[in-house]
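One structure is given below, encoded as structure tokens.
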Ligand SMILES: Cc1ncc(C[n+]2csc(CCOP(=O)(O)OP(=O)(O)O)c2C)c(N)n1
Ligand SMILES: Cc1ncc(C[n+]2csc(CCOP(=O)(O)OP(=O)(O)O)c2C)c(N)n1
Ligand SMILES: [Mg+2]
Ligand SMILES: [Mg+2]
């Protein structure tokens with residue numbers, strides 16, 4: 005099976021869909037000729053032509069608005085926001101328009117579109133190239149929010165997202181583009197080439213949106229994570245020496261509550277991890293759901309480890325990033341009771 | 005003491021600050037000559053002049069952006085978004101700019117400004133005149149988010165917000181503009197004139213941002229609510245016949261966790277109520293904090309009653325609105341264990 | 051020449067207690083402006099963008115080259131136009147009344163602006179798509195949208211094609227080329243551009259028409275629409291309905307120092323025209339030209355329809371608080387119904403008697419439909435909308451959490 | 051003339067393996083365009099917005115009325131300008147190097163655009179405020195911003211006035227009239243308008259200057275800035291730096307069918323001028339005119355500075371992937387340093403020798419400062435930024451939840 009980085013896997017997903025379905029178009033800032041600042045669309049314009057893969061002016065709400073016009077017409081746009089930090093001008097179009105089309109027109113107009121964006125920190129990008137805005141999308145009914153953590157999942161989920169009849173926010177943990185990241189800034193960098201999840205089948209396959217993946221089975225505690233934090237959780241589990249179950253959510257909305265519930269009922273303990281700022285982050289939603297679903301099984305409070313409630317600070321990035329040490333501490337503390 | 009509606013109380017707060025402080029300016033769509041579609045600024049332009057109170061073009065990000073320019077210069081703009089549903093185009097300016105100025109300039113530029121907006125449903129406004137977007141602001145560090153439930157609080161909090169050195173999102177529950185609303189669509193409408201909280205002192209007074217108000221003392225259960233839901237909670241408590249403590253949060257960020265903790269430690273039960281859609285709503289944050297702070301005191305799972313995860317449906321508004329019946333059910337259920 | 055910097059605050063020509071004053075409005079002369087070639091460039095469109103294209107003179111006689119462009123329109127087509135406008139007016143009258151009686155929560159008239167949507171729509175083909183605002187119900191009327199559907203939505207009852215999910219007046223009918231109206235101003239404008247791009251990419255032969263009010267030209271989406279239309283050159287007609295007011299705010303707040311909205315569009319490199327929107331013949335002629343231009347691959351075009359919002363902004367609004375009561379009557383370009391009527395009479399194809407008779411007939415038709423539709427329920431007498439519909443259509447397939455919530459609701 | 055609607059996709063004049071081609075760029079003639087009155091109106095600004103204001107001819111001789119406007123600038127002021135530009139160039143050189151050595155995470159040059167910020171800044175007064183992008187470091191240089199502060203931020207060390215909170219290159223210095231640069235394109239443009247409104251409302255005598263790149267003119271805030279400036283007429287100079295590229299995207303993507311960015315601004319009713327940004331004298335002259343206009347109460351003005359981004363977009367970018375390697379050399383308007391040098395030599399106030407000597411001196415000054423600042427830490431050798439600073443300055447007063455988080459961090 006071919007070995008791919010996450011960038012290659014995403015590109016392959018778009019390539020497959022561009023080849024499969026003439027309704028698919030790909031566009032965004034620097035996405036066409038150049039192939040994207042992270043190279044996710046490199047070669048696609050040369051292969052599929054300028055009418056299928058093209059550049060746009062620097063206006064994120066225009067990108068979203070054009071995509072909505074095309075999607076309601078019947079096409080399947082898959083657009084890129086250069087960084088998740090730049091999606092905010094498009095927030096109105098995405099949440100008040102794309103998300104609402106089907107409902108407000110009683111099904112006359114629907115909006116099958118994907119909005120890809122690199123998310124998360126750890127690349128010394130400062131406050132405007134590091135943010136994780138998933139929670140402002142998970143709050144919005146009508147949107148699905150997806151975030152892969154492996155090349156295999158990235159391709160399968162992106163194909164599923166493009167084929168989905170509804171708008172999908174597709175977050176790409178940029179720290180995982182080239183390899184897994186275990187949260188140690190100074191640590192050795194490993195590429196996807198030497199990781200089993202870097203094996204990516206050719207052609208069309210998809211991973212259903214809404215199914216979590218149990219990345220590690222364990223009996224003592226359940227860790228809920230997604231994106232980069234899945235690896236940080238793995239590192240923390242090693243560090244703390246606790247037999248934790250790690251669930252990679254993959255899809256935040258819809259959420260695979262069944263998998264979560266089964267695990268927490270079993271372990272009785274739960275730690276939630278994300279990189280976004282803590283207050284009103286998606287971790288809050290997870291805790292709310294878990295405590296409601298599993299209250300009588302809980303042996304200790306559900307803990308969350310998250311980005312501090314501050315802008316991503318350029319120089320203090322590694323004090324900000326919720327690394328394995330902080331997660332390990334939370335694990336140990338959760339085991340105290 | 006004068007008796008005021010919430011509209012009059014808000015107007016009075018702006019009037020006081022416009023008189024007090026030459027740096028204060030008030031602007032927004034239809035805010036100047038006409039005095040706002042909800043009349044909150046009626047008469048202020050005539051009294052203070054066009055350079056202090058003025059109309060704007062219909063562009064919410066421009067309103068926010070101009071306010072930021074003025075605030076960083078040293079003025080204290082208090083601007084209106086005509087409906088909270090129309091704040092989304094300004095989301096980028098508010099969250100990436102206003103909220104970040106102080107931090108990113110290391111204190112050289114600061115942003116004392118207030119963004120007022122009518123929020124919530126119950127006026128047959130359909131999906132674009134009814135939304136409650138507080139959670140997309142509470143997630144953003146650097147912003148404060150405030151929501152009064154009485155004329156007295158509205159004036160005191162708005163003055164505090166205008167005097168605050170940082171940007172404040174000021175949500176005004178439009179269903180409370182003219183009187184308390186207990187959640188029964190068909191119910192008798194009561195005005196503020198006959199309610200004790202309609203008594204509003206003249207002149208300058210303020211209510212500290214970050215202090216909750218215990219609206220009803222009780223021993224069996226704690227209800228966390230804000231805005232319109234405070235009254236719905238009151239009605240539900242009557243309906244369920246439970247001795248619940250009702251806490252009106254008033255400020256979501258910063259949150260008065262001490263008051264909440266003291267209450268829940270006492271009652272051992274907690275129900276969280278809001279009108280915004282459930283998933284990733286501010287209720288999730290409340291539950292996350294309460295279960296962490298009070299885990300060992302909890303006798304039953306923390307419940308939340310919230311808007312369904314759907315757009316506000318025009319005709320089915322009263323099936324959507326989390327009314328006293330739904331809240332009462334949650335109270336009773338919480339008492340079962 | 052040196053002075054201190056001071057802000058300007060655009061003001062309307064008159065406030066409530068003043069005398070209406072449109073002396074600054076230069077209405078030009080009917081027939082004075084020519085018909086440009088279909089492949090008109092922005093740089094050559096200055097006279098069209100800064101002038102005002104008019105066809106009928108005060109006696110109802112069509113004059114000039116734009117009149118020639120639609121000389122083939124026979125009287126029956128124009129009588130149809132008149133009937134469309136009268137139907138709209140009858141609906142506005144009846145439904146405002148219904149709102150006053152508490153039978154619906156909200157209503158919004160388009161009085162004075164009827165010619166624009168009515169004449170434009172009749173130039174479109176099946177498959178073309180309008181991206182309207184709440185004030186373009188005329189597009190539906192002229193697309194022969196069933197009265198039951200329109201009124202049904204206004205009453206949110208069983209006749210409502212949207213099943214009560216959306217506000218009255220925010221209609222949607224894909225079949226009638228009427229995109230689902232948003233409550234958020236401006237958003238549809240860039241969507242129209244995206245749709246037109248899909249027209250070009252799929253080669254389906256259709257075009258798109260964006261609609262926006264003068265006030266909403268201030269929105270960001272106005273900018274992004276003009277920008278992307280200029281860049282990609284899709285087949286889109288970008289309509290700006292300048293009715294002088296945005297709720298209580300005078301149009302000067304959005305136009306600032308620009309001469310016209312058309313000239314603002316021209317700055318984006320899009321050819322633009324400015325047209326008397328109360329002149330049915332001018333609207334018909336320019337619409338025909340613009341739609342043909344877009345369809346035949348000459349790219350986007352912008353049209354400023356110059357008109358006046360004669361009624362209140364909506365049923366929630368009372369304009370006596372911000373403008374003179376009699377301002378509409380002072381509008382120098384008259385009333386679209388009166389003017390088309392005058393033209394048809396001038397042409398010997400209509401009479402005062404037929405007009406009155408037609409008004410009566412149409413009002414009867416609307417009233418009858420209204421009675422029928424009201425029988426299915428109004429706000430004072432609600433029909434039975436199913437609460438479970440709240441969870442339908444949020445997604446194509448209902449996800450687990452919505453299923454749980456529906457169960458919690460007990461249905 | 052009928053064809054099927056097809057989309058256009060603007061393309062640069064040449065791609066990597068092609069020969070640079072600026073034959074479509076009409077550079078006009080130095081001295082050909084006059085100096086308008088300070089109270090120039092938008093409608094009268096067409097020749098300025100569509101033309102190109104130039105002062106120096108190829109021999110370095112200043113010609114025409116704009117030259118006369120700054121005839122009072124003595125040679126020492128111009129030598130200062132040259133030194134400013136050389137200093138910027140030395141910093142760019144040293145710091146790109148430092149980035150390549152891993153001493154800082156990110157760097158961004160402004161090569162080829164030095165004249166614009168350097169000459170503009172020298173026309174401002176204390177109290178005026180620039181709202182720059184990341185590519186206007188020249189404004190700081192010409193405001194005599196201390197090298198230690200600038201380099202300190204690039205290294206995020208103890209010299210950093212922002213204490214490591216913000217990215218290198220996103221500077222901020224209120225004292226030097228340099229607003230905190232945002233990473234989000236465009237946002238500063240409407241803020242500049244707001245600041246200028248505050249200038250007018252408080253009567254403090256200051257003005258604001260907004261800055262934006264050609265690519266970012268596509269942003270919504272460009273629109274809202276022009277709109278609000280047109281409506282309220284505050285004392286603001288709206289600068290557009292058209293350097294032909296936005297990362298890999300050619301300027302045609304943002305300009306679409308508009309002739310110039312200046313003409314787009316003119317569509318908003320704002321008088322606009324287009325200027326050779328590589329001609330220090332042209333920049334100095336037009337800046338002087340524009341700043342005086344704004345300060346003396348004649349309202350906003352927009353200036354398109356026509357230039358070329360000679361370097362990569364940033365240290366993360368390699369332009370050989372999207373444009374010919376030698377495109378910069380083919381730019382018809384030359385290099386700003388060369389041209390000012392030529393002028394000073396023409397004037398008998400400079401020589402090749404002095405130039406080389408000055409370059410050496412300035413490089414030495416920068417290198418020395420760099421060594422000093424590097425001693426306080428770089429990315430490979432980090433200084434000790436306190437982690438607790440994360441919680442400082444999120445709010446004026448630290449709220450309880452941040453205090454708890456700081457405790458949790460264990461500091
Ligand atoms: C984004 C947004 N902001 C504000 C509003 C509130 N609003 C509704 S209609 C209106 C005035 C619109 O005026 P105009 O565009 O001229 O259209 P007209 O009503 O005259 O047809 C306003 C401000 C809104 N619906 N959406
Ligand atoms: C809102 C937003 N979208 C996208 C980006 C990513 N980005 C950074 S610089 C840039 C190109 C800007 O080009 P231009 O405005 O011409 O300025 P220049 O770099 O040429 O000086 C882009 C797309 C951003 N910073 N902000
Ligand atoms: Mg209007
Ligand atoms: Mg550029």
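Protein chains in written order, with the numbering used here: chain A, 5 to 341; chain B, 5 to 341; chain C, 51 to 461; chain D, 51 to 461.
Quick reminder that beta carbons are idealized off the backbone N, C-alpha and C, glycines included.
These figures come from a predicted structure and were not determined experimentally.
Name, going along the chain, the residues of the region 51-64 of chain B whose beta-carbon falls closer than 9 Å to a beta-carbon of chain C.
54, 55, 58, 59, 60, 61, 62, 63 and 64
With three or more beta-carbon pairs closer than 8 Å as the criterion, would you say the region 393-408 of chain D touches the region 278-286 of chain A?
Cβ pair count under 8 Å is below three, so no.
At a Cβ cut of 9 Å, what residues of the region 121-132 of chain B count as close to chain C, listed as they run along the chain?
127, 128, 129, 130, 131 and 132
Is residue 269/D a contact residue of ligand 2, with contact defined as CB to any heavy atom under 7 Å?
Counting from 1 along the fourth chain, the entry for residue 269/D is found at position 219. Yes, since a heavy atom of ligand 2 falls inside the 7 Å radius drawn around the Cβ of residue 269/D.
Give the range of the alpha helix (DSSP H) segment to which residue 168/C is assigned.
On the third chain, position 118 is the one that residue 168/C refers to. Unbroken alpha helix (DSSP H) run through residue 168/C: 164-171.
As a quick exercise: from 32/B, 97/B and 334/B, pick the residue whose alpha carbon is nearest that of residue 89/A.
The count along the first chain starts at 1 and reaches residue 89/A at position 85. Answer by Cα proximity: 97/B.
Which residues in chain A have a C-beta closer than 7 Å to the C-beta of residue 216/C? List them in chain order.
In the third chain, counting from the first residue as 1, residue 216/C sits at position 166. Here the neighbours are 108.
Give me the chain C residues within the contact set of residue 393/D, using Cβ-Cβ distance strictly less than 8 Å, ordered along the chain.
On the fourth chain, position 343 is the one that residue 393/D refers to. Under the 8 Å cutoff, chain C gives no residues; its nearest Cβ is about 31 Å from residue 393/D.
Is residue 6/C helix, strand or coil when you go by DSSP?
In this structure chain C extends from 51 to 461, so residue 6/C is not present and cannot be described.
If we define contact as Cβ-Cβ less than 8 Å, is residue 270/C a contact residue for chain B?
Position 220 of the third chain, counting from 1, holds the residue named residue 270/C. Yes, its Cβ sits closer than 8 Å to a Cβ of chain B.
Please tell me whether residue 309/C has its Cβ less than 8 Å away from any Cβ of chain D.
Within the third chain, numbered from 1, the residue matching residue 309/C stands at position 259. Residue 309/C counts as touching chain D.
Is residue 64/A buried or exposed, if buried means 16 or more other CB atoms sit within 10 Å of its CB?
In the first chain, counting from the first residue as 1, residue 64/A sits at position 60. Buried.
Suppose you measure from the CA of residue 230/A to the CA of residue 173/A; what does that come to, to the nearest Å?
Walking along the first chain from the start, residue 230/A turns up at place 226. Walking along the first chain from the start, residue 173/A turns up at place 169. One C-alpha to the other measures close to 14 Å.
Is residue 264/C near ligand 3, judged by its Cβ being under 7 Å from some heavy atom?
Numbered from its first residue, the third chain carries residue 264/C at position 214. For ligand 3, at least one heavy atom lies less than 7 Å from the Cβ of residue 264/C.
Considering only their Cβ atoms, is the gap separating residue 261/D from residue 76/B smaller than 8 Å?
For the purposes of this step, residue 76/B is identified with residue 72 of the second chain, where counting begins at 1. For the purposes of this step, residue 261/D is identified with residue 211 of the fourth chain, where counting begins at 1. No, the pair does not count as a contact, with Cβ atoms beyond the cut-off.
To which residues of the same chain is residue 294/D closer than 6 Å at the C-beta, ignoring the five residues directly before and after it?
By one-based count along the fourth chain, residue 294/D stands at place 244. Around residue 294/D: 301 and 358.
With a threshold of 7 Å (Cβ to nearest heavy atom), would residue 304/C be considered close to ligand 4?
As a position in the third chain, residue 304/C is number 254, starting the count at 1. Checking the Cβ of residue 304/C against ligand 4 gives no.
List the residues of chain B whose Cβ lies closer than 8 Å to the Cβ of residue 234/D, in chain order.
Against the fourth chain, residue 234/D aligns to sequence position 184. In chain order: 96, 100 and 101.
Which residue marks the beginning of the alpha helix (DSSP H) containing residue 272/D, and which one marks its end?
The residue labelled residue 272/D in the question sits at position 222 within the fourth chain. Looking at the DSSP string, the run of the alpha helix (DSSP H) that includes residue 272/D is 270-282.
Pull up the distance between the alpha-carbon of residue 33/A and that of residue 329/B, whole angstroms please.
Sequence index remark: in the first chain, residue 33/A carries index 29 (1-based). Sequence index remark: in the second chain, residue 329/B carries index 325 (1-based). Taking the straight line from one Cα to the other gives about 50 Å.
How long is the line joining the alpha carbons of residue 93/B and residue 248/D, rounded to whole angstroms?
Within the second chain, numbered from 1, the residue matching residue 93/B stands at position 89. Within the fourth chain, numbered from 1, the residue matching residue 248/D stands at position 198. For the pair residue 93/B and residue 248/D, the Cα-to-Cα distance works out to about 23 Å.
Please report the straight-line C-alpha distance between residue 11/B and residue 313/B, rounded to a whole angstrom.
As a first step, residue 11/B must be located in the second chain, where it is residue number 7. As a first step, residue 313/B must be located in the second chain, where it is residue number 309. Cα to Cα, the separation comes out at about 30 Å.
In whole angstroms, give me the CA-to-CA distance for residue 163/B and residue 281/D.
In the second chain, counting from the first residue as 1, residue 163/B sits at position 159. In the fourth chain, counting from the first residue as 1, residue 281/D sits at position 231. In a straight line, the C-alpha of residue 163/B is about 29 Å away from that of residue 281/D.
Just the chain C side, please: which residues come within less than 7 Å of residue 56/D by C-beta, in chain order?
Taking the fourth chain and counting its residues from 1, one reaches residue 56/D at position 6. The contacting residues are 250 and 347.
Can you pull the chain C neighbours of residue 170/A, defined as C-beta to C-beta under 8 Å?
As a position in the first chain, residue 170/A is number 166, starting the count at 1. Near residue 170/A (Cβ distances below 8 Å), the residues of chain C are 445 and 446.
Just confirm the distance between the C-beta atoms of residue 158/C and residue 139/C, as a whole number of angstroms; I'd bet it's less than 8 Å.
Numbered from its first residue, the third chain carries residue 158/C at position 108. Numbered from its first residue, the third chain carries residue 139/C at position 89. The C-beta distance from residue 158/C to residue 139/C rounds to 14 Å, too long to meet the 8 Å contact threshold.
In the structure shown, what three-state DSSP assignment does residue 26/A receive?
Your numbering for residue 26/A matches position 22 in the first chain. Looking at residue 26/A - three-state DSSP - the assignment turns out to be coil, as it is neither helix nor strand.
Please classify residue 282/B: does DSSP put it in a helix, a strand, or coil?
Position 278 of the second chain, counted from the start, is the residue given in the question as residue 282/B. If DSSP states are grouped into helix, strand and coil, residue 282/B belongs with coil.
In the DSSP assignment, the alpha helix (DSSP H) including residue 147/C goes from what residue to what residue?
Position 97 of the third chain, counted from the start, is the residue given in the question as residue 147/C. Its alpha helix (DSSP H) spans residues 125-150.
When every heavy atom of ligand 1 is checked, does at least one fall within less than 7 Å of the C-beta of residue 293/C?
By 1-based counting over the third chain, the position of residue 293/C is 243. Yes - ligand 1 has a heavy atom lying nearer than 7 Å to the Cβ of residue 293/C.
How about residue 310/B: is its Cβ closer than 7 Å to a heavy atom in ligand 2?
By 1-based counting over the second chain, the position of residue 310/B is 306. Outside the cutoff, so no.
Residue 118/C lies in the beta strand (DSSP E); which residues open and close that run?
In the third chain, the residue the question calls residue 118/C occupies position 68. Per DSSP, residue 118/C lies in no beta strand (DSSP E) segment; the continuous alpha helix (DSSP H) that holds it begins and ends at 115-119.
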